[in-house]
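In this note's numbering, the protein residues as written are 298 to 653.
Just so you know, even glycine gets a beta-carbon here, dropped at the ideal spot from N, CA and C.
Everything on this sheet refers to the single structure shown next.
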Ligand SMILES: Cc1ncc(COP(=O)(O)O)c(C=O)c1O
């Protein structure tokens with residue numbers, strides 16, 4: 298008798314492709330919307346100072362009390378309205394399990410691919426509703442789709458990844474008012490632009506906001522995300538949260554990062570300036586079309602095949618994201634340091650001029 302674990306697996310999971318890490322050594326990495334600057338030295342020193350107080354043999358605080366208080370002060374909500382996750386990815390997983398499983402959920406597409414993947418893992422049917430031509434969203438169309446699908450969850454990213462544009466508070470409020478489904482507004486890039494939705498939390502108990510330390514705070518490697526919602530919704534998700542989901546070191550380090558907010562704000566200004574430099578420079582290149590952005594990355598396309606542009610950039614040691622089937626023909630680049638951003642502009646200029 299042969300043992301085949303795949304056959305024993307839940308049938309609808311069997312054709313999921315495992316996440317394939319791409320390894321492009323020695324490239325300037327502008328493909329994952331990370332913070333390009335080193336983690337601030339003074340914050341790093343403070344983390345080192347506090348390391349001795351982190352009690353490695355004990356399990357972490359399951360409620361992350363200190364970090365939730367720090368986050369609550371940073372975003373201006375009550376600590377009871379905050380839950381932390383091992384990256385916002387983990388919180389997306391919980392949302393799909395709690396509100397998607399066995400039913401439909403609506404995703405405003407194209408967007409961050411983990412929403413689709415976690416829907417599939419949860420056994421939820423993801424109804425992907427395409428954005429309008431300018432990548433905006435129509436609140437009435439979204440509300441109708443939620444109703445038609447009898448969806449219990451709607452996902453909207455603002456600013457949206459990969460398109461970069463943010464949705465206005467008025468549109469988000471119209472969506473929230475139009476449905477009794479949970480509305481997830483993913484604001485992973487809020488520090489770079491877009492409108493903060495926290496003022497709507499007390500008015501709309503169906504609002505869930507996702508935020509992260511992975512982008513603006515340069516802590517992608519420590520996996521710290523958080524969710525803001527009504528106390529009741531937070532308590533409901535605590536039913537399924539893994540007790541020790543966020544390790545003690547990450548809880549401490551994220552708390553320290555918030556103590557150095559002015560230093561990070563300087564980084565954000567620089568990142569935004571670098572982004573604006575890239576936009577201005579590549580808009581002037583022949584055949585390059587650039588889309589407006591409120592985030593730390595830029596969506597663009599050229600009159601060449603996207604795969605070819607990707608390769609030509611890689612040949613010059615620059616790594617950007619080819620969006621493939623998520624948004625065929627388009628590429629996404631995040632703002633690097635000033636030098637990295639200049640290197641990207643030069644490489645793209647070479648790539649598009651080479652074929653002329
Ligand atoms: C819109 C959006 N949400 C969430 C995430 C994931 O964030 P985290 O690192 O906190 O899991 C990303 C990462 O690219 C993202 O683009």
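- Around residue 367, the same chain offers 552, 555 as residues with beta carbons nearer than 7 angstroms, after the five sequence neighbours per side are excluded.
- No heavy atom of ligand 1 is found nearer than 7 angstroms to the CB of residue 494.
- Residue 430 sits in coil when the DSSP states are folded into three classes, being neither helix nor strand.
- Less than 8 angstroms divides the Cβ of residue 469 from the Cβ of residue 494.
- For residue 483, the shortest separation between its Cβ and any heavy atom of ligand 1 lies below 7 angstroms.
- Residue 453 carries a strand assignment under DSSP once its states are collapsed to helix, strand and coil.
- It is roughly 9 angstroms from the alpha-carbon of residue 545 to the alpha-carbon of residue 355.
- With fewer than 16 other Cβ atoms inside 10 Å of its own Cβ, residue 306 counts as exposed.
- Boundaries of the beta strand (DSSP E) around residue 631: 628 to 631.
- Within the region 569 to 632, the alpha helix (DSSP H) runs of at least 4 residues that lie entirely inside it are, in chain order, 603 to 611.
- The beta-carbon distance between residue 398 and residue 420, rounded to whole angstroms, is 5 angstroms. This is short enough to meet the 8 angstroms contact definition.
- Comparing alpha carbon positions, the residue from 517, 535, 525 closest to residue 370 is 525.
- Secondary-structure assignment with DSSP links residue 509 through a beta bridge to 522.
- In this structure, the beta-carbon distance from residue 590 to residue 582 does not fall below 8 angstroms.
- For residue 386, the enclosing alpha helix (DSSP H) covers residues 384 to 396.
- Within the chosen limit of 7 angstroms, ligand 1 does not reach the beta carbon of residue 489 with any heavy atom.
- Only residues of its own chain outside the window of five on either side were considered, and among them 648 have a CB closer than 6 angstroms to the CB of residue 609, listed in chain order.
- DSSP places residue 406 within a strand segment (E or B) once states are collapsed to three.
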